[in-house]
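J.:
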Amino acid sequence: MRPSFVLGSVLSILPVLTAGLTVNDVLSTSVAAYAHSKRDIVDDILTDIEDLAECSACQALLVVLQALAHLGNDAFTDTIVEICELLEIEDDDVCAGAIGLEGPILAHDLRNMDIPSKTSELFCLTIFGLCQWPEVDTSYSVSMSEKPTDAARPASSGQTPIQVVHISDIHVDRNYTTGASYNCTKNICCRPYDADDAVGVTDYPAGEYGNVACDSPVTLEESLYTAIQDLVPNRTFTIFTGDVIEGDVWLSTDDEVTTGLEDAYGRMESIGQTYAVIGNHDSCPVDSFPPAAVDTTYAAETQIFYDALSGDIASWVGSTAAAEVSSNYGSYSVLDETTGLRIISVNTNFWYKSNYWMYETTMEYDPSSMLSWLASELETAETAGERVWILGHMPLGSGDTFHDQSYYFDTIIQRFSGTISAVFYGHTHKDEWELAYSDYTAQTAATATMMSYIAPALTPTSGNPTFRVYDVDPVTFGVLDFTVYYANISSPTYQSGPTWEKLYSVKETYGALLGYTDAAAELTPAFWHNVTELFESDDAVFQEYYARKTRDYSTSTCTGDCKTEEICQLRAAQAQYNCVTISPGINLKKRDGIDGEVENAHEEHACESSPVAPVLSSIYSDEGIAALRSAKKFLYELIKSRKKNIDMLSPSVHALIWAATLCSPLASAAPRSHIAVNSTKPPAFFLAGDSMTAVQSDDGGGYGTGFLSFLKSPAWGIDYGQDGATTVSFVEGGTQGNWTAVIDALNGAKEQYEVFVPIMFGANDQKAAANETLLEYQTNLQNLALDVIDNGGTPVSTQYSYHYSFPSTLYKKKLQDCPSCLGLLQKRTDRVHQKLLLTPMSRRAFTSEDNVTQVTQSLADQRTYTIYAARNTSTTYIDFNLASTEYINAIGNASAQTYDLACTDETHLNSWGSVVFGRMFADLLLGHPPKVGVDVDFVPNPSAYFTQWFVPNTTLSEDIWTGVAAYGGDCPLQ
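When the letters of the sequence shown are read in order and numbered with mature numbering (1 follows the signal peptide of the UniProt record, and there is no 0), they come out as residues -20 to -1, 1 to 954.
1) Alpha carbon to alpha carbon, how far is D243 from E101?
2) Over the uninterrupted beta strand (DSSP E) stretch that includes A668, give me the two end residues.
3) Name the two residues that bound the continuous alpha helix (DSSP H) containing H88.
4) Between which two residues does the beta strand (DSSP E) holding T254 run?
5) Using a Cβ-Cβ cutoff of less than 7 Å, which residues in the same chain neighbour I547 once the five nearest sequence positions on both sides are dropped?
6) For F330, which option in C164, S263, S250 has the closest C-alpha, if you only look at C-alpha atoms?
7) Per DSSP, which residues does Y312 bridge with? Please list them.
8) Helix, strand or coil for P631, going by three-state DSSP, please let me know.
9) Helix, strand or coil: which one does DSSP assign to Y947?
10) Provide the residue span of the alpha helix (DSSP H) that contains Q143, from first to last.
11) Please go through the same chain and pick out, in chain order, the residues whose beta-carbon is closer than 6 Å to the beta-carbon of M431, but skip the five residues on each side of it.
12) Return the residue from the list C170, I723, C559, L755 that minimises the CA-CA distance to W113.
13) Assuming E452 is part of the beta strand (DSSP E), what are its boundary residues?
14) For the pair the stretch 49 to 63 and the stretch 79 to 87, tell me if three or more CB-CB distances fall below 8 Å.
15) Which class does P505 belong to by DSSP, given the choice of helix, strand or coil?
16) Thinking C-beta only, is E366 closer than 9 Å to L315?
17) Quick check: the Cα distance between V274 and T391, rounded to an integer number of angstroms?
18) Measure how close the beta-carbons of P271 and E344 come, nearest whole angstrom, since I'm counting them as under 8 Å.
19) For the alpha helix (DSSP H) holding D346, just list the boundary residues, first then last.
20) For Q253, would you say it is in contact with chain C, using Cβ-to-Cβ distances shorter than 9 Å as the test?
21) What number of angstroms, rounded off, separates the C-alpha of T935 from the C-alpha of T233?
22) Helix, strand or coil for M430, going by three-state DSSP, please let me know.
23) Tell me the start and end of each unbroken alpha helix (DSSP H) in the stretch 704 to 767 that is at least 4 residues and wholly inside, in chain order.
24) Check whether the stretch 367 to 386 and the stretch 549 to 556 are in contact - that is, three or more C-beta pairs closer than 8 Å.
25) Can you give me the Cβ contacts of C538 inside the same chain, cut-off strictly under 8 Å, excluding the 5 residues immediately before and after it?
26) Give the straight-line distance between the Cα atoms of Y533 and E281, rounded to the nearest whole angstrom.
27) Taking the CB atoms as reference points, tell me whether G943 and E866 lie closer together than 9 Å.
28) I'd like the list of long-range same chain contacts for Y420, defined as Cβ closer than 7 Å, with 5 residues on each side in sequence excluded.
29) Between the Cα of K166 and those of S891, V722, D71, A256, spot the shortest distance and give me the residue it belongs to.
30) So what does DSSP say about P440, is it helix, strand or coil?
31) How is S161 classed by DSSP in three states: helix, strand or coil?
32) Measuring CB to CB, does D903 end up less than 9 Å from I868?
33) Please tell me whether T846 and L818 are closer than 9 Å, where the distance is taken between their beta carbons.
34) If you run the structure through DSSP and keep just helix, strand and coil, what is R367?
35) How many Å lie between S311 and K487 at the Cα?
36) Could you tell me the alpha carbon to alpha carbon distance between I434 and Q253, rounded to whole angstroms?
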């Protein structure tokens, strides 16, 4: 029942945002508010789910998913798995396996996503179907030369045509078991998943050559190659437009994928020269193709699949092109030695909306420079007078394609329409095509400029096994005709060995009706536009096409809007014009409707297979609502357990409790105490922390002494930092504990002083001896902050709005907005509490990588979880970690070591270091680096209260904020 709380808490944010609050407002709501309300929120939550149908509401939901993602990949993935299992969207092993692989990618996206933004709109569109496509960004253009005035499609040569075979989406299941059950609960069957599915036990035994509920057995793949040899003995070469690997994505491993690729391409050698494409299934996880800009750790994981493809096709494309496959993200360009035709194979997965690596903070116009590379190759080919075929997996006009990248791709096609003879795809598993136009608002035979041929699949999951044979002009390389061959899987003799036979040819079927039967004439874009007009005027012809689209398997019809949208899609090589309908709760499962089920003709998801999207979108289903309504009591209990027995809950629910408290509509309740900003009481600072806070000694020393030295009487403070302390030991007492003393000091001083309690831990919490998870560390910090409130913590009534522009000599990366890095970041609309959380000050150890020496980010996780703790408790936080890291990077290794307590002690500070970093904290507390020409925009001045209580040191502040080494001891560089 725990996942029902997950979903309830996810949706609890909706009334908050629909009431007009911003995402930042929601993130700053108080966890303590749960103690102040007893109203029934469950029915409100469920009503919100039922009413949820707007893009803005979806983006509100993303805020909570983002909070969950910030708690870590495991918390996020475990939660989505539990939802999947509860709602029985997939079998438990499929939920755990597939989501375990793809969940971390989604969590990565959410952690880095700006909400709202174009990225979040696209995410909502892909996962939930709750946003429409944003307008295409036409401000970007691929760099290309002007199109020559004489560029035109050449006339057919009239010479004897060559033959080229086109195969696609073979999806070979090496674990297909003849006699195992074809009636299972997974997306592919014909395997003995359990005892009931076993050979000799099941009542639904799979035949030797495949079944519509299963991907291709090796026997079917081999039958295909035999048929090609028998039916097309004079073929010049074969093109394969991707997807070797079967659909068992929950069991996917790197070895399974690379071995599957090697085995299939090894068998493919029997048909000779072949030019191949990488498909969306040809990686692990499925659809996972991080672009070059993403962290290199992930890119390295995908590189093994590019390397595998390189080795598998090297004998066909040669060593140069094979090396390009490895270095150019699976794409390559090669001249066919027999014909002189240039083949350009493009990795279209960088433009695929189900490649979740694409949802970066700011989405790239040209991920991995694929578009620029393609344009460059075409420019070279044009200059050399070469003709070109472009091969890809996903059609760029399909509903699976990002509209921006489809537009940019089409501009390349229009520019080089005189050089490109045709484009070839797979992916949809259907027998279809796409037309490009020079003017999509005036689609006529005269404006049709390019034809994209989309081949049907071998895998029988969405129709009969099929392949195409093109008759091709040997000079212009225009397609003169094509014939489709298929094996009728419904034939009573099929399991004795497939019989491959002709299904239809274009000129016999459409050419005869249009008076276009000359064998030497090209199937031009104008011809194909005329075919679409024939479909409009002759419904019988269209219905025959529609039956062939599913490889002569489905008996469904397509009329009315379905027909209109289908023809629209045929005329849309640019995705923004394809008439694909986006609707809430869109199901992105892999397999299409067959066996008489009516499928939605204009939604194409044949190669989808991850259950992640259906799991998240399931909250909009009737079953999802029912599951939530049945779990109301459990939701109550979890809310009540917010502050007790929390460690007894599963990690996923533990995580979601904090996600829920982040965004609860109850959190707008007022805090328990506050004061006006014009308070005349001086401040008192009681510093809590470990040895990076503590007074200098033989064993430690931090920023505290230096910071307190800048206070102006009667302001005062005490450094309660303890060497070796953790968030646990500091509370427990003993030699590492001082929390009781902090609270006692707070209570004793609060009548005469505004008491502030800066809290900084992490250096010892991260050690193995602490036996403490990051989530426990976060929870401990939250409890410390709440203790300050419970003992009379006083907020300062002011509203902060900071926008800093720091000197580039200090900040290597351009920082546009200080709230994400420095200063009193955590905001509330009307108040800020006296409790302060400090992200742990950076150590001064350096590492070198790629000839760049920078501070080692040894406390990055503790920084992140400190920020989570601050947000969950409406606590002001100061990002001491980032400020100190940037300063240390600016002054360099040698200068940084002059602050060491003892030489080689890169953690603790000597007296000079305490002064420098204490001043840094004081300046951050004041709200901005003072008097160093920094552009500061604040309303009202957040430092107005504090300024009167700190002694300025303009020289030191100027050194710190311009990246100059200040003071320092005598430790030499080690």
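Even glycine gets a Cβ: it sits at the ideal position worked out from N, Cα and C. In this text the structure is predicted, and so the values were computed from the model without any measurement.
T.: Quick look at the numbers:
1) 40 Å
2) 663 to 669
3) Start and end: 72 to 91.
4) Its beta strand (DSSP E) spans residues 254 to 256.
5) T512, F515, E516
6) S263
7) S325
8) In this predicted model, P631 has a pLDDT of only 37, less than 50, meaning its place in the structure is not dependable; the value taken from the coordinates is given anyway. DSSP, reduced to helix, strand and coil, places P631 within a helical segment of the structure shown.
9) coil
10) Unbroken run through Q143 is the beta strand (DSSP E), 142 to 147; no alpha helix (DSSP H).
11) So the qualifying residues of the chain are A402, P505, W508.
12) C559
13) Per the sequence presented here, residue 452 reads as Val, with Glu not at that position. Unbroken beta strand (DSSP E) run through V452: 446 to 452.
14) yes
15) In the three-state DSSP reduction, P505 falls in the helix class (H, G or I).
16) yes
17) 26 Å
18) 6 Å
19) Taken as a continuous stretch (DSSP letters only), D346 belongs to no alpha helix (DSSP H), as it is neither H nor E.
20) Structure shown: chain C not included; a single protein chain is present.
21) Put simply, the backbone Cα of T935 is about 58 Å away from that of T233.
22) For M430, the secondary structure class from DSSP, reduced to helix, strand or coil, is strand.
23) The stretch 704 to 767 is shown to contain whole alpha helix (DSSP H) runs of 4 or more residues at 709 to 712, 719 to 729, in chain order.
24) These segments touch.
25) Taken in chain order, the residues that qualify are F522, Q523, Y526, E546, A581.
26) CA-CA distance, Y533 to E281, rounds to 39 Å.
27) yes
28) Q554, Y557
29) D71
30) P440 falls in the helix class under three-state DSSP.
31) strand
32) The answer is no: Cβ separation not under 9 Å.
33) yes
34) coil
35) 33 Å
36) 20 Å
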